[in-house]
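Just add 3 to wherever you are in the sequence shown, counting from 1, and you've got the working numbering. Note that the Cβ used here is the ideal one computed from N, Cα and C, for glycine as well. Computed from a predicted model, the values in this text were never measured in an experiment.
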Amino acid sequence: MGLVIKEPVEKMGAPYRRRWWALLVLCLSLLIIVMANTALTVAAPDMTKDLGLSSSDLQWVIDGYTVPYAALMLLLGAIGDKYSRRGALVLGLLVFAGASVAGSLVDSSTGVIASRAVMGVGAALIMPATLSLLASTFPRAERAKAILLWTATAGIAIAAGPLVAGALLENHGWASTFLINVPIALLAVVGAFVLVPPSKAAHHDRIDYVGGLLSVVSVGALVYMIIQGPHFGWDAKAIFGAVIAGLGFVLFVLWELRHPRPVLDVRRFAHRMFSGSLLAVALFFLAVFGAFYYLTQHLQFVLGYTPLETGIRMLPLAGAVFVGSALTGFLTPRLGMKITVTAGMVAGTVALALLTRIDAGSGYGDFLAPLIILGVAIGLALSPCTDAIMGAFPEAELGVGGAVNDTSLELGGSLGIAILGSVLASSYSSHLADATAGSKLPASALATAQDSVGAGYAVAQGIGEQAKQLGAQALHAATPQQAAQLKAQAEQLGAGAQQMSHAVGSAFSDAVAHTSLIGAVILGVGTVLVAVLLPRRDKGDAQQEQASDGSEREPVSV
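Written out as structure tokens, the structure is:
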């Protein structure tokens, strides 16, 4: 066997012996594309300061990655199935690395947004390729365990992003959070050639490019609407996105129902196991990404932790993911997927419900239990759902299966940040207005403070700086009377700065509690829906179905 592995799996007489090393490469590839979003939440303040980003600019720096990522996965997954899944992975890693370098070098909001968008294109190639290569490389009996490790990696990446970014920002600028992707991506490229067998569908008809393009337009417009509407108001742009998304989905479904070789057979959504699993993935990431969005802000702004300290305090989530994954491997064969997934979603709901107790006096200890429970919930719920989704697709459509799973994940995350982020902003603004009622704070300063928790603390700091300046002037006043007057004004402003800082922290803590309640309600209702959708299978039926599925799809042709 040469340095570069060229032999497809189906030509090997036994299961590929280095398949667990191949999984390491796939998980490494997954790690950087998930961390690219979570790390940015920590690097955002430095980027805002250096580049002079407006709130709109910053939102699109974050979400410029999401739109192409979600929109392109289905079409690119189908292309990978037909031509080369490993080729799609390698190309995606190179695009991702190149765009990361560009993102570290630009000095404008437009440049960063463009670089992030190209990174999203690379991620859209990588994400479905990792799952399709996993499914084609592992025999059916081991696939659930491999997917368990894949989903655990995604959960760990959510917590690892802030830790890595925080460590880099201790001694380097925000550009380092882009550059860290480059050596990891290049290492994964080498690993892909050396450890991951080549793979493509043995029999694949012509690609349904019309259906693929309709999916790009409809999903892209939907994600754009999700971002634009809640964050910037339901203006003509958001309404236009909604109309295009709705029309695009109708045309997509009609086209796919009539096409003899659709890019996605929409009839699969009629199967309860498939649709229930997709709904569970979307709802879970709605809750996880939404909670992560405001928890990192609370730790940094209200509790005053540095980026590195914030990342360290998110580590219990990563450790709990491993615990939940281990429980999944034990519980699912014994209790069935329905009970395991439902238990995971119930645990996620409990974690959000516990966050409703947060108030102005809360410390990190009040966040620890919800973080641990949420990590366990991620481990419990996601891998059985991913395994069920991938199991619904034949060998020729593994890339499409991975894309469907990942699109539901990304749509859920986008909805979580949009819905819960919008609730958070509205609640914070309302609570801050109540907390400062009767004060002499100018309306313009209040409006600025209501924009975000960071802006609120900046206003408080500005008032404090004015107090210091008046205090300095008092020392050099011409008369004792003038000095006394300036000193009194300084003391009044100093007290106002402290009151403003307390009001901001209190308002944001109350907003976190309120937003967590909304998140818990959404995930709780979703848990009931998923429990109703997922079919109950006893152990014998599950084993029989697995054996049947394995007989149909083994050996895997690549």
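Applying the criterion that 16 or more other CB atoms from any shown protein chain within 10 Å of the CB defines a buried residue, is Ala17 buried or exposed? exposed
Smallest Cα separation from Tyr212: which of Ala178, Ser179, Leu75 and Ile229? The option with the nearest alpha carbon to Tyr212 is Leu75.
Option in Gln492, Ile129 and Pro186 with minimal Cα separation from Leu79: Ile129
Quick check on Arg337: does DSSP put it in helix, strand or coil? helix
Can you list, in chain order, the residues of its chain whose CB lies under 7 Å from that of Pro373, leaving out five sequence neighbours each side? Ala354, Leu357 and Leu358
Under the three-state DSSP convention, the category Pro263 falls into: coil
Assign Thr215 to one of three DSSP states: helix, strand, or coil. Checking the sequence, you will find Gly at residue 215 rather than Thr. Reduced to three states, the DSSP call for Gly215 is helix.
By a C-beta neighbour count over all protein chains shown, 10 Å radius and 16 as the cutoff for buried, is Thr140 buried or exposed? buried
Determine whether the beta carbon atoms of Tyr68 and Gly123 lie at a separation below 8 Å. yes
Note down the Cα distance separating Thr518 from Ala461, rounded to an integer number of angstroms. Each residue's alpha carbon lies about 23 Å from the other.
Cβ shell of Leu198 (< 8 Å), same chain only, five flanking positions each side left out: Ile8, Arg21, Trp24, Ala25, Leu27 and Val28
Would you call the segment 289-297 and the segment 239-247 touching, i.e. three or more CB-CB distances under 8 Å? no
Measure from the alpha carbon of Gly459 to the alpha carbon of each residue in Ala446, Ala506 and Gly347, then state which is nearest. Ala506
From Gln62 to Ala205, what does the alpha carbon distance come to, in whole angstroms? 43 Å
Quick one: give me the first and last residue of the alpha helix (DSSP H) that Asp437 is part of. Per DSSP, the continuous alpha helix (DSSP H) segment holding Asp437 begins and ends at Leu401 to Ala438.
Sort Leu92, Pro48 and Pro200 by Cα distance to Lys14 and report the nearest one. Ranking Leu92, Pro48 and Pro200 by Cα distance to Lys14 puts Pro200 first.
Are Phe272 and Ser278 touching if we call contact CB-CB under 8 Å? yes
Cβ atoms of Phe255 and Ser280: under 8 Å apart, would you say? no
Can Thr345 and Thr331 be called in contact, C-beta distance under 8 Å? no
Buried or exposed for Gly366, going by 16 or more other Cβ atoms inside 10 Å? exposed
Which first and last residues belong to the alpha helix (DSSP H) in which Thr69 is found? Here the alpha helix (DSSP H) through Thr69 covers Thr69 to Lys85.
Status (buried if at least 16 other CB within 10 Å, exposed otherwise) for Leu489: Its Cβ being crowded by 16 or more others within 10 Å, Leu489 is buried.
Under a three-way DSSP split, which group does Lys542 fall into? Note that Lys542 scores a pLDDT of 44, beneath 50, so its modelled location is shaky and nothing firm can be said.
Beta-carbon proximity check, Asp369 vs His434, cutoff 8 Å: no
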